[in-house]
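For the protein sequence lines, the chains are F and L, in the order given. Sequential numbering from 1 applies to the first sequence in my numbering. Sequential numbering from 1001 applies to the second sequence in my numbering. Only one structure is covered here, and it is reproduced in the block below.
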Amino acid sequence: MSLELAGLGAEAFETVTPGQFAEFDLTGASLPSPEDVPVELRDAIERKILLRRPFSFSDVRIEDGRAIIDVLYAVVGAATVRMAGLKPGDEISVLGPLGNGFTIPVKKKLAILLAGGMGAPPIQHLAKVLAAGFKNIEVVTFAGAKSSDDMPFAVSDKNTAIGPAEFPDYGLEMLIATDDGSTGYKGLVTECFRQWLQTCEHKADDTIVFCCGPEAMLASAAKLCEAEGIECQVSMERRMACGTGLCQGCAVECGTGNSGQSVYQMCCKDGPVFDSKEVIFDL
Amino acid sequence: MKKDVNITIDFAGLKLASPVFTASGTCGYADELADFMDINALGGFITKSITLLPRKGNPTPRVVETDAGMLNAIGLANIGLEQFIKEKIPLLEKMSAAIFVNVAGQKIEEYVQVTAELAKQPAIAGFELNISCPNVAKGGVHFGTDPAGVRRITEEVKKAAADKVLMVKLTPSVTDISVIAEAAVAGGADALSLVNTFTAMAIDTEKRRCVLANRTGGLSGPAIKPMAIYLVNKVYNEVTKKSGIPILGLGGIKNASDAIEFMLAGASAVALGTYNFIQPARAIEIVDGIGEYCRRNGFDNVHQLTGALE
């Protein structure tokens, strides 16, 4: 889905960074007819929705003073069913951009991007920003999904077990992993990344890993990066009621140095991107 | 020709710019909503609950949407009294709305200590006594469901509050809310706010587990509005009308019409809660909407709406 924003909305999105998000109000979007709704969601769509829903972006472009926001999403519940029913020309209220996106340290020489399942959109956005504006940083991307059908990126025949492939559009190297082996490496994307890292010449200090995906995948990447001494940023996901820090619902447990104590930070305001060393993952 | 409408109100001796508050736990500690609206047009602002010591709050999930509502179990997560005074009071000093601090605790002494310390702050107009939070193991509803307990805690905190306004927030999860309201008034409450969230539960049928980590949470949003209206009307008729104690009505308000319903039922002012999450500028739109309603219906003073139910 693409959203077009003019005026203030376009201005607000001019400086957006990959990993930031927006809250969409889908309460006014009409429901598709029941036969177009997957059976497992037919009960869910009868629920009257109330809250906004947070979405990150797979791309944001400014064209003729308008911001074009691409949103990749899966239909999983009462709100996304309504989103799928939006037609060209429909309007929704967008609150954003919100939160803190990925921080790109300019001195790094190698950026490794890990996308798991529906964690792909902000990674795609980040890949584009890196490819366009950080020519001195080599970028390698990894994408994982249950199977090739679940892969949100276009996958070409060139993807081999552990070998170079084209990242759609941006000309970046990409490696694919699927749980069932239907495309690329058979297994977890973090395991694919671990094996690749062993064969790749790199200096830990010059390398950074950016991650978005299921929490177990983020935890696994964080552990690997810590062992290798590589900086790692993870994009967290939590149930949110507001996205603006008001409700305090989207708590992410974070350590406080060596004290053994932990605090809850807010995914929406303090994140959603965190330094992986701060986060105590909820597994 | 349109008449000028006076939308300022007197609320327990406080002169307020409008009858619209933002409810505790839905508007942060201070100026978080300032990016979205002119917060000075608010009548009152109620902070997140403050406890003596910082509280980490509950594990996640802390929130879940339900039919036309949501459950929350934040667990009174807050920065604690000391940090609140240091960091938030300077921000609150700049706001013109009447500032109410929502005070919570596990023991009466804690409530008293927090209130006494904050009563020294000129920026604070009053306190909202949170004896009705459903999401902590001790305190909260535990205090708010026993009339003798309500009276005692109100008396103790009233002394600590000195010349500040003391508003007691009532839980709807009781057999007869008027008995509790009566106890709060007997204890010296200057105002009552009702209702807090309804204790509730949501279950994930696939996992056969409660959605919230705390298992139960407080239900808010449009789903509870008709029940909240009824309870405000009940307390107004049975308790506060005769004593002249004002009610701050809340529970599922999303627009001016909802706010007016609460006032007609007996509320002197209203608070917007869950809807701050969805439309963060809505509180001010409600101020305008109430004024417009008064003009259309020939009321020249907004307080005429209170209890105007025929």
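All C-beta atoms, glycine included, are put in the ideal place defined by N, C-alpha and C.
Helix, strand or coil at residue i [DSSP, three-state]
| i | result |
| --- | --- |
| N159(F) | Below a pLDDT of 50, predicted positions are generally treated as unreliable, and N159(F), at 43, falls in that range; no measurement from the model is reported. |
| A165(F) | Residue confidence for A165(F) is low, a pLDDT of 42 falling below 50, so the modelled location carries little weight; the figure read from the coordinates is stated next. The answer is coil: DSSP assigns A165(F) none of H, G, I, E or B. |
| L1250(L) | strand |
| E341(F) | Because chain F is modelled from 1 through 283, residue 341(F) falls outside the range shown and cannot be assessed. |
| D275(F) | strand |
| K186(F) | strand |
| K1088(L) | helix |
| E11(F) | helix |
| A1271(L) | strand |
| D982(L) | No answer is possible for residue 982(L): the residues shown for chain L start at 1001 and end at 1310. |
| C1027(L) | coil |
| E1117(L) | helix |
| F281(F) | coil |
| N1255(L) | coil |
| D1070(L) | First, the residue type needs correcting, since residue 1070(L) is Met and not Asp in the sequence shown. DSSP places M1070(L) in strand when its eight states are reduced to three. |
| N1078(L) | strand |
| G119(F) | helix |
| E97(F) | Correcting the residue identity first, residue 97(F) is Pro in this sequence and not Glu. P97(F): strand per DSSP, three-state reduction. |
| F1143(L) | helix |
| A74(F) | coil |
| P1019(L) | coil |
| S2(F) | strand |
| D270(F) | coil |
| F193(F) | helix |
Partners in chain F for residue i, counting only beta-carbon separations shorter than 7 Å
| i | result |
| --- | --- |
| K1056(L) | V263, Y264 |
| F1277(L) | L51, A241, C242, L246, C247 |
| M1070(L) | L50, L51, A241 |
Beta-carbon neighbours of residue i, restricted to chain L and to distances below 8 Å
| i | result |
| --- | --- |
| D282(F) | P1059, T1060 |
Candidates the options, of which the one nearest residue i by Cα
| i | options | result |
| --- | --- | --- |
| G1251(L) | V1239(L), G1244(L), K1242(L), N1276(L) | N1276(L) |
| D282(F) | V252(F), C212(F), C247(F), E11(F) | V252(F) |
| I1131(L) | G1144(L), L1042(L), Q1121(L), S1243(L) | G1144(L) |
| L31(F) | A78(F), D70(F), R66(F), L50(F) | A78(F) |
| R239(F) | K1234(L), G1266(L), V1211(L) | V1211(L) |
| T15(F) | V279(F), A204(F), L98(F), D180(F) | L98(F) |
| I62(F) | G7(F), D36(F), L113(F) | G7(F) |
| E1310(L) | G1266(L), G1273(L), A1228(L) | G1266(L) |
| F210(F) | G255(F), C225(F), F21(F), C200(F) | C225(F) |
| F57(F) | V76(F), G96(F), E46(F), E40(F) | G96(F) |
| S1018(L) | R1209(L), R1152(L), A1181(L), G1043(L) | G1043(L) |
| E1311(L) | K1120(L), V1114(L), P1122(L), A1123(L) | Residue 1311(L) falls outside the range modelled here, since chain L spans only 1001 to 1310, and no answer is possible. |
| K1225(L) | A1119(L), G1244(L), T1274(L) | T1274(L) |
| G1249(L) | A1034(L), T1240(L), A1259(L), S1243(L) | A1259(L) |
| N1058(L) | N258(F), L130(F), Q248(F) | Q248(F) |
Interface partners of residue i on chain F, CB under 8 Å
| i | result |
| --- | --- |
| D1067(L) | R47, K48 |
| V1063(L) | R239, M240, A241, C247, G249, C250 |
| A1077(L) | Q248, A251, Y264 |
| E1032(L) | T244, G245, L246 |
Interface residues of chain L facing residue i [CB-CB closer than 7 Å]
| i | result |
| --- | --- |
| D336(F) | This structure does not reach residue 336(F), given that chain F is present from 1 up to 283, and the question cannot be answered. |
| R238(F) | T1060 |
Counterpart residues of residue i in DSSP-defined beta bridges
| i | result |
| --- | --- |
| Y264(F) | E253(F) |
| M1167(L) | E1128(L), A1191(L) |
| G1217(L) | A1200(L) |
| K108(F) | Paired residue(s): none; K108(F) is not in a bridge. |
| M174(F) | T141(F) |
| S56(F) | F21(F) |
| F1100(L) | I1046(L), G1126(L) |
| S30(F) | Partner(s): none; S30(F) has no beta bridge. |
Contacts of residue i in chain F (Cβ-Cβ under 9 Å)
| i | result |
| --- | --- |
| C1027(L) | L246 |
| P1226(L) | Those do not exist, as P1226(L) stays about 15 Å from chain F at its closest Cβ, beyond 9 Å. |
| G1221(L) | L50, L51 |
| I1074(L) | C247, Q248, G249, A251 |
Inset, instruction - Count the C-beta pairs between the segment 80-90 of chain F and the segment 27-34 of chain F that are closer than 8 Å, then say yes if the count reaches three, no if not. - result: yes
Inset, instruction - Taking 8 Å as the threshold, find out whether the segment 1201-1218 of chain L comes into contact with the segment 1053-1072 of chain L through three or more Cβ pairs. - result: yes
Inset, instruction - Check whether the segment 1079-1093 of chain L touches the segment 1030-1047 of chain L, counting contact only when three or more Cβ pairs, one atom from each stretch, lie closer than 8 Å. - result: yes
Inset, instruction - Examine the Cβ distances between the segment 1003-1020 of chain L and the segment 1293-1307 of chain L and report whether three or more of them are shorter than 8 Å. - result: yes
Legend entry - Three-pair Cβ contact test at 8 Å for the segment 226-241 of chain F versus the segment 136-145 of chain F: no
Legend entry - Three-pair Cβ contact test at 8 Å for the segment 1039-1050 of chain L versus the segment 1071-1082 of chain L: yes
Legend entry - Cβ contact (3+ pairs, closer than 8 Å) linking the segment 1163-1174 of chain L and the segment 1191-1198 of chain L: yes
Legend entry - Segment contact flag, the segment 64-73 of chain F with the segment 102-110 of chain F, C-beta cutoff 8 Å, min 3 pairs: no
Inset, instruction - Take every Cβ of the segment 190-204 of chain F, pair it with every Cβ of the segment 235-250 of chain F, and state whether three or more of those distances are shorter than 8 Å. - result: no
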